[in-house]
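These notes concern the structure reproduced below.
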Amino acid sequence: MNANVSLRDFATPTWILIAVGLVAGGAVGLYEMFFGHLFATNNALVWTLPLVTYIFLALMSTGISLVLAYGLIMKEEAITRHTRPLLIMAIGILLGGFTALATELGSLLNMVWILLSPNLSSPIWWMGALYSVELVLLAVKLVMDLKGRHGVFDMPLAWGTLVIAAAAAITIGAVFGTVIGRPDYHGAFLSVVTLVSALVSGSAAIVLLRPHSALTETAGRIFRQAALLFAALILVRVAYEAHSTVAGMLGWASIAMLAPFLIAAALLPLAPRLLALLGIVGALWVQYSFIITGQLVSLGQTAHWYGAVQSYQPNIPEALILVLGIAVAAALIKLGEQFLMRGEGRAAT
Amino acid sequence: MGYGMVIDQQLCVGCAACTIACKIENNTPVGFNWCDKITRTSGKFPNVRYEYISTMCNHCDNAPCVAACPTQAMYKDAGTGLTLHDTNKCIGCKACIVACPYGVISINWQRPHRHWAQRDQLAEGCFSPREMLEESGGEGSPHGNPERGTTYPVVRPAGSVEKCTFCDHRLLEGLAPACVDACPSGARQFGDIDDPNSEVSRLVAKHGGQGLREELGTRPRVIYIRDYKPQRRFEPFRPAGEGQGA
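Next comes the structure, spelled out in structure tokens:
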């Protein structure tokens, strides 16, 4: 633990931004939990930007876990030298996602209850269980790293993290892919999308937040390969949607979605952090697009209430939940760096 | 033993009495109905066609909502075949709403019937909504049906989903669902659809019929028979209530 942290360390522009995000987003979250409903939802469009925020942050955390596990298994020193900050990032971002999810569910207790009354046929239950296990694994690894205990458990933990993180990302896709009544969701394709999306946003987050030459080069290499793969997946989806005759399919992919990934992959060495940010925004765009589009066609009687096809724009409270999730993640990462790292390279802010 | 419903499209007049009866019986809040409708207009003038399809939870044998629910709040009742919901287990994840291909599950985004808790009077000397509620002794609203509370909360909590239960509280008393009793043309028949000798099974055997979106493999327990045809108007009429009841 770093005992040399003073109040002055919190009087920085980054902490002021984080505080503004925590207060503004936190106020919306508390209002949503205890007083009323502010989100732009209805009975046909139930999963909106707050859920997208959870999935965006959870997948990003998963991607960081995957890169870290890969580094530990392959003994990539460029990655293993940054084990502690990467663990802090993965934990912070995952807890930011859980915060957004809590506002979406309306209660923190609901997140605990999900584990206590399991339905093993439910992808959401598996998603909750796998992310809980991942959080525990990350916490165990962080504690072991803080105590300097390295040895026989390192490799099993790395493999465990790799398997659990990959399974968690795939299960997020299954939450949508197992829905039989909505053509824009149904199918195994979304599990591939969420897994590759996790790699894209996780490796991009490392490039963005840990600008160290060797790490940027290694994580950047993973990011470029994942971004190209992601662009190929989107292209496949565009082609499929263009030829689809499935009734009720709107299509969530577009040619324009390729741009951020192709540009970032091609030009990353020129401006690594800026283009990593572009990759992250691109991943958010894809996730937002498929989650929202899948619900825009009103099913059955809801067409009478909301029209056959809805349109959706996030409102300000929903946008503030995105801000809250990012602010919680940023706060936890900053706290982790200030208290758990002794003057080692801190994240760029 | 498994309950099911047959809706005769030839007899349904689209009066929405089922919707109103359900709303009163089950105390559903403003903003959604457990029993509702799909309407379709097709064709080209003068050969146009209008369909009114009364909808509710289909109590599917292979219910996607039950499979999707992470906490077993949505479950199949083995004795009756009903798809039921436990508000105590519901975490408001809305997976059931997304999974249901029929759009018949709704969520209480806010506390239902909250307007009846207001103490503001419209004009001085009038009752406030709260005073009317207290005067009536109703739960949630002055119209809250206490019998509903025998198997499911009269007022479902904020953050919880809710849907048609085939009036399971009435079935326990040997009564048919409220929508069936309210139908003025006898278009709705209810009974043990697993029993080949029941009235509902005989109707399906006689007229064929199918559930909504059966191609998805959900095996719905609400079966629609006979598309409306004007030339059938003079066929023998089956009185409302015949062969009904749990």
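Residue numbers (our numbering), protein chains in the order written: chain C, 1 to 349; chain S, 1001 to 1246.
Idealized CB from N, CA, C, for every residue including glycine.
Alpha carbon to alpha carbon, how far is residue j from residue i? Give it in angstroms, no decimals.
i: Met144(C); j: Leu335(C); result: 18 Å
i: Val1200(S); j: Asn1058(S); result: 15 Å
i: Ala92(C); j: Gly173(C); result: Looking at the sequence shown, residue 92(C) is not Ala but Gly. Approximately 22 Å between the Cα atoms of the pair.
i: Lys141(C); j: Ile164(C); result: 14 Å
i: Arg1203(S); j: Asp1181(S); result: Inspection of the sequence shows that residue 1203(S) is occupied by Leu rather than by Arg. Going by the C-alpha atoms only, they are around 18 Å apart.
i: Asp1077(S); j: Leu1084(S); result: 7 Å
i: Gly21(C); j: Asp1036(S); result: 42 Å
i: Ala265(C); j: Phe98(C); result: 30 Å
i: Glu1131(S); j: Asn1145(S); result: 18 Å
i: Thr293(C); j: Leu45(C); result: 10 Å
i: Ser191(C); j: Leu208(C); result: 25 Å
i: Leu340(C); j: Leu146(C); result: 8 Å
i: Gly1243(S); j: Ser311(C); result: For Gly1243(S), the predicted model reports a pLDDT of 48, less than 50, meaning its position is unreliable and no value from the coordinates is stated.
i: Tyr1160(S); j: Arg1232(S); result: Going by the sequence as given, residue 1160(S) is Ser instead of Tyr. For Ser1160(S) and Arg1232(S), the distance between alpha carbons rounds to 44 Å.
i: Pro118(C); j: Pro1070(S); result: 6 Å
i: Cys1012(S); j: Ile1053(S); result: 8 Å
i: Leu299(C); j: Ala308(C); result: 8 Å
i: Ala362(C); j: Gln295(C); result: Residue 362(C) lies beyond the range of chain C shown here (1 to 349); nothing can be said about it.
i: Val1066(S); j: Leu115(C); result: 17 Å
i: Gly1208(S); j: Gln1009(S); result: 12 Å
i: Leu51(C); j: Met155(C); result: 33 Å
i: Ala214(C); j: Ala158(C); result: 21 Å
i: Ile321(C); j: Val152(C); result: 41 Å
i: Glu104(C); j: Asp184(C); result: 22 Å
i: Leu274(C); j: Arg1219(S); result: 52 Å
i: Val1006(S); j: Ala1205(S); result: 11 Å
Strictly under 8 Å for the Cβ-Cβ distance: is residue i near chain S by that measure?
i: Trp15(C); result: no
i: Trp285(C); result: no
i: Gly300(C); result: yes
i: Gly173(C); result: no
i: Gly177(C); result: no
i: Gly106(C); result: yes
i: Gln310(C); result: no
i: His304(C); result: yes
Answer yes or no: does any C-beta atom of chain C fall closer than 8 Å to that of residue i?
i: Leu1216(S); result: yes
i: Tyr1152(S); result: no
i: Ile1024(S); result: no
i: Lys1229(S); result: no
i: Tyr1224(S); result: no
i: Ser1141(S); result: no
i: Cys1060(S); result: no
i: Gly1092(S); result: yes
i: Gly1209(S); result: no
i: Gly1103(S); result: yes
i: Cys1183(S); result: no
i: Val1013(S); result: no
Starting from residue i, follow the beta strand (DSSP E) in both directions and report where the run begins and ends.
i: Gly1043(S); result: Asp1036 to Lys1044
i: Asn1047(S); result: Asn1047 to Thr1055
i: Asp1192(S); result: Arg1188 to Asp1192
i: Gly71(C); result: Not the beta strand (DSSP E): Gly71(C) falls in the alpha helix (DSSP H), residues Leu49 to Met74.
i: Asp1181(S); result: First-last for Asp1181(S): Ala1178 to Ala1182, but that is the alpha helix (DSSP H), not the beta strand (DSSP E).
i: Val328(C); result: Careful: Val328(C) lies outside any beta strand (DSSP E), inside the alpha helix (DSSP H) at Ile316 to Leu340.
i: Gly1004(S); result: Tyr1003 to Asp1008
i: Leu284(C); result: No beta strand (DSSP E) holds Leu284(C); the alpha helix (DSSP H) holding it covers Pro272 to Leu296.
Consider the Cβ of residue i: report whether some Cβ of chain A lies at a distance smaller than 8 Å.
i: Ile180(C); result: The displayed structure is made up of protein chains C and S, and chain A is not among them.
Consider the C-beta atom of residue i and the heavy atoms of the ligand HEM; say whether any pair is separated by less than 7 Å.
i: Val323(C); result: Within the structure as shown, the ligand HEM is missing, as the structure has no ligands at all.
By the DSSP assignment, the alpha helix (DSSP H) with residue i in it spans what residues?
i: Tyr31(C); result: Pro13 to Phe34
i: Ile164(C); result: Asp154 to Gly177
i: Leu135(C); result: Pro123 to Leu146
(message) Any C-beta of chain C within less than 7 Å: which residues of the stretch 1064-1083 of chain S qualify?
(response) Pro1064, Ala1067, Ala1068, Cys1069, Pro1070, Thr1071 and Gln1072
(message) Measuring CB atoms only, is the stretch 1027-1034 of chain S touching the stretch 1213-1226 of chain S, in the sense that at least three cross pairs come out at less than 8 Å?
(response) no
(message) Under 8 Å: do the stretch 1015-1026 of chain S and the stretch 1163-1180 of chain S share three or more Cβ pairs, one atom per stretch?
(response) yes
(request) Could you run through the stretch 24-45 of chain C and flag, in chain order, every residue whose CB is less than 7 Å away from some CB of chain S? (result) Gly36, His37, Thr41, Asn43 and Ala44
(message) What are the residues in the stretch 1033-1058 of chain S lying within 8 Å of chain C by C-beta distance?
(response) Asn1033, Asp1036, Lys1037, Ile1038, Thr1039 and Thr1055
(request) Taking only beta carbons into account, state which residues of the stretch 186-207 of chain C come closer than 8 Å to chain S, listed in chain order. (result) none
(request) Could you run through the stretch 1151-1170 of chain S and flag, in chain order, every residue whose CB is less than 7 Å away from some CB of chain C? (result) Gly1159
(message) Does the contact criterion of 3 or more C-beta pairs under 8 Å hold for the stretch 278-286 of chain C versus the stretch 242-249 of chain C?
(response) no
(message) Short of 7 Å Cβ to Cβ, which residues in the stretch 1105-1136 of chain S face chain C?
(response) Ser1106, Ile1107, Trp1109 and Gln1110
(request) Check distances from the C-beta atoms of the stretch 45-68 of chain C to those of chain S and list, in chain order, the residues that come in under 8 Å. (result) Val46 and Trp47
(message) Taking 8 Å as the cut-off, does the stretch 193-210 of chain C touch the stretch 268-281 of chain C (at least 3 CB pairs, one atom from each stretch)?
(response) yes
(message) With a threshold of 8 Å, are at least 3 pairs of Cβ atoms found where one atom belongs to the stretch 83-90 of chain C and the other to the stretch 99-115 of chain C?
(response) no
(message) I'd like to know if the stretch 229-240 of chain C and the stretch 257-271 of chain C are in contact, where contact means that at least 3 CB-CB pairs between them fall below 8 Å.
(response) yes
(message) For the stretch 308-328 of chain C against the stretch 1127-1142 of chain S, do three or more pairs of beta-carbon atoms, one drawn from each stretch, fall closer than 8 Å, so that the two count as touching?
(response) no
(message) Using a Cβ-Cβ cutoff of 7 Å, what residues of the stretch 108-130 of chain C are near chain S? List them in chain order.
(response) Asn110, Trp113, Ile114, Ser117, Asn119, Ser121, Ser122, Ile124, Trp125 and Gly128
(message) Check whether the stretch 1116-1132 of chain S and the stretch 1043-1050 of chain S are in contact - that is, three or more C-beta pairs closer than 8 Å.
(response) no
(message) Any C-beta of chain S within less than 9 Å: which residues of the stretch 268-296 of chain C qualify?
(response) Gly294 and Gln295
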